[in-house]
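So the structure is just underneath, and the comments pick up after that.
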Amino acid sequence: MCGISGAFGLDAPLQPAVRDAVRRMNEAITHRGPDGDGFHDDERVALGHRRLAIIDLAGGRQPMSNEDGSVWIVFNGEIYNHRDLRPDLEARGHRFRTSSDTEVIVHGWEEYGPAVVDRLHGMFAFAIYDARRRELFAARDRLGKKPLYYTVIDGVLHLASELPQLRRAAGWTDDIDLTALEGYLALGYFVAPATPYRGVYKLLPGHWLHAKDGRIETREYWDVAEFDTDTRSDDEILDEIDERLRAAVHGRLESEVPLGAFLSGGVDSGLVVSYMAEVLGDRLVTASVGFGERAFDELEAAGITASHFGARHHPETIAPRLDEVIDPVVRALGEPLADASVIPTWYVSRIARRHVTVALSGDGGDESWAGYDFRYQPHAMEAFVRSLVPALAAPAIGWLGRRWPRSPRLPRPLRVGTLLENLGRDPAAAYYADLTFLKSADARRLMGQAPHHDPAASPVFEAVTGPYRRCPSRDAVQRAEYADLKIYLPNDPLVKVDRMSMAHSLEVRSPLLDHRLVELAFRVPASRKQSWRQGKRLLRALARRRLPGALWSLPKKGFSAPIGAWIAGPFAGMFRDEVLAPGAAVHRCLDAQELTRLFESHRRGERDAGYALWAAWVLERWLRG
12 MCGISGAFGL DAPLQPAVRD AVRRMNEAIT HRGPDGDGFH DDERVALGHR
62 RLAIIDLAGG RQPMSNEDGS VWIVFNGEIY NHRDLRPDLE ARGHRFRTSS
112 DTEVIVHGWE EYGPAVVDRL HGMFAFAIYD ARRRELFAAR DRLGKKPLYY
162 TVIDGVLHLA SELPQLRRAA GWTDDIDLTA LEGYLALGYF VAPATPYRGV
212 YKLLPGHWLH AKDGRIETRE YWDVAEFDTD TRSDDEILDE IDERLRAAVH
262 GRLESEVPLG AFLSGGVDSG LVVSYMAEVL GDRLVTASVG FGERAFDELE
312 AAGITASHFG ARHHPETIAP RLDEVIDPVV RALGEPLADA SVIPTWYVSR
362 IARRHVTVAL SGDGGDESWA GYDFRYQPHA MEAFVRSLVP ALAAPAIGWL
412 GRRWPRSPRL PRPLRVGTLL ENLGRDPAAA YYADLTFLKS ADARRLMGQA
462 PHHDPAASPV FEAVTGPYRR CPSRDAVQRA EYADLKIYLP NDPLVKVDRM
512 SMAHSLEVRS PLLDHRLVEL AFRVPASRKQ SWRQGKRLLR ALARRRLPGA
562 LWSLPKKGFS APIGAWIAGP FAGMFRDEVL APGAAVHRCL DAQELTRLFE
612 SHRRGERDAG YALWAAWVLE RWLRG
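Counting from 12, one number per residue, gives the positions in the sequence shown under the working numbering.
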């Protein structure tokens, strides 16, 4: 795991100021690569790299070139099948000088061009400069585990692993994108390719970028291809999940430094640990964190799993100290992200890094295997009821839902008003409504702007609902899962895990996001992956085979923090002093009176606005720099 920086002159040589700026960009990500740095430049390009040494500790330094120095690469990530790719490249005449996975990409580019990405299994973001053709090629892994930002300033294409690096680019100017900000307030994250800054973009997952002769092209190279085609029995499907997940976990255990796992106590991380134990035995190290609140704490279950597999377990219960953690967390994020689970992820990364340099996690099981009960089950229920209701009645039902008494403290499946309101929407709009924690109209009021009368008028609406509509499956849950895979997963959980782990110079690997396992998951119909009672049906069945006791059947708690209770209670004064006080930085973007109204309504228990208020708080700290 590492960090990369780069600049490429689209149609002219680089100026000295640009080369110097790339060095400064590289210095901004020492946390991503404390084991060394490297730099390469020529007339048209400057490439920087920070290294966290995992494989080939002596020979894996970057930037790295081919034999004659005509092709150069900076690479962040891991290629798990690099040993399988090497023999074919050697047979084609390529000479290797190291045993690193980076060099496989270099020679793969020479041999296959852009199609090299189709052969790579892993997590990656890289940039290749081919001096012979005066072109730059960059790519991001299929699911977006590794980040890559880019922008063009004065004819120079700049690339970076983290957004704050780009602020050091030559000619940079801060220009907040208020359109993207509206999406952040509604969802809690920025939807790629958008970022907080106008003209700055994230390369989409499963896409590559090519720059040559003054032009930049981006193109998708991977997508889920098959849906709902698997008609085998449960046992046959379980056997394949078992085989593929075992291979994914075992393939992610290559490391020349200490290796362990995040263990939450849930099904996903428990399964990952069970397969790790087959290889590591008593060398297995696990880390867990809790806050002492029963609704969010799985330390007891994590301890049972760790003990069963003989792991050297490191659990910690953390007292909530937002005053201590909010600054380093927001600084590490680099861009606003209002997911409160960044806090436990920060802590568990810190705990794990005391003992290991690489950790495996259970991320990805929910999006592919129907794990979000609180959204997928109501979505399935709505689809069933919608099929029974005449289309002409939908507007009246939606009207009734909008006027139904609200009870936000009730579990999502019991909110009758929400069900009725969603029945009045088309399925994609209902999906969007469930994904937001602040309606577009409320987000615009918070920004001091006139609200949209139609949520579809929000610019982020199409970005979020587009994948839902494009999904060829007709199953509502499968479509929601696919949209989550494209929108929610790469823009929220994977941002959180990458930034919080790399802030501690810790590499995290996610075997449940092996793209072949994800492809299998979407071939299985959603009706097989969840029941009316509980989600993640097949993974739970596999866990029943492998995990101790009844851990496979425990309800999902989620890996988060009670941020709403904290803001209404012990940290209410701190919130007032920072976010509501005159002169707060966030008032440049948000209306102070609307913020105050929202806070007081939340504090009195009239509405649950914890995540919206946390979004404002994170934005305040981010704007302060």
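In this text, a Cβ means the ideal position worked out from N, Cα and C, and glycines have one as well. For clarity, every value in this text was computed on a predicted model and none was experimentally measured.
Under the DSSP assignment, Leu371 falls in the beta strand (DSSP E) whose first and last residues are 369-371. Contact fails between the region 504-513 and the region 444-464, because fewer than three Cβ pairs, one in each stretch, are under 8 Å apart. Pro269 has its alpha-carbon roughly 23 Å from the corresponding atom of Ile315. Membership of Pro470 in the alpha helix (DSSP H) is indicated by the continuous run 470-481.
Here the C-alpha atom of Leu562 lies approximately 52 Å from the C-alpha atom of Ala57. For the set Leu634, Tyr479, Met511, Val529, the Cα lying nearest the Cα of Glu378 is the one of Val529. Looking from the CA of Leu565, the closest CA among Ala572, Arg548, Ile574 belongs to Arg548.
Pairing Ala28 with Asn87, the inter-Cα distance amounts to about 25 Å. Measuring C-alpha to C-alpha distances from Gly345 to each of Leu214, Pro158, Asp67, Asp165 identifies Pro158 as the nearest.
Leu348 is positioned such that its CB atom lies closer than 8 Å to that of Asp503. As DSSP reads the structure, Phe137 sits in a beta bridge with Phe86, Ala150. By the criterion of at least three beta-carbon pairs nearer than 8 Å, the region 379-387 is not in contact with the region 241-250. Rounded to whole angstroms, Ile187 and Pro207 show a C-alpha spacing of 6 Å. Cβ neighbours of Thr607 within its own chain (closer than 8 Å, five residues either side excluded): Leu591. In the structure shown, Asp465 falls within a coil segment according to DSSP collapsed to helix, strand and coil. Counted as a single uninterrupted DSSP element, the beta strand (DSSP E) harbouring Leu168 occupies residues 167-171. Annotated three-state conformation of His132 is coil, per DSSP. Spanning the alpha carbons of Arg361 and Ser512 requires a straight line of approximately 8 Å. Pairing Ala620 with Glu309, the inter-Cα distance amounts to about 25 Å. One alpha carbon belongs to Leu553, the other to His366, and they sit about 29 Å apart. Per DSSP, the continuous beta strand (DSSP E) segment holding Pro326 begins and ends at 323-328. For Glu122 against Arg103, the beta-carbon gap comes to about 6 Å, under 8 Å, which counts as contact. For Gln176, same chain residues with a beta-carbon under 7 Å away, outside a window of 5 residues either side, are Ser16, Met36, Ala39, Ile40 in chain order.
Inclusion of Leu274 and Ala317 in the CB contact set at 8 Å is warranted, their separation being smaller than that value. By the C-beta density criterion, Phe395 is exposed, having fewer than 16 other C-beta atoms within 10 angstroms. DSSP places Tyr91 in no beta strand (DSSP E); its state is neither H nor E.
Looking only at Pro401, Ala330, Leu282, Thr113, the smallest Cα-Cα distance to His261 is reached by Leu282.
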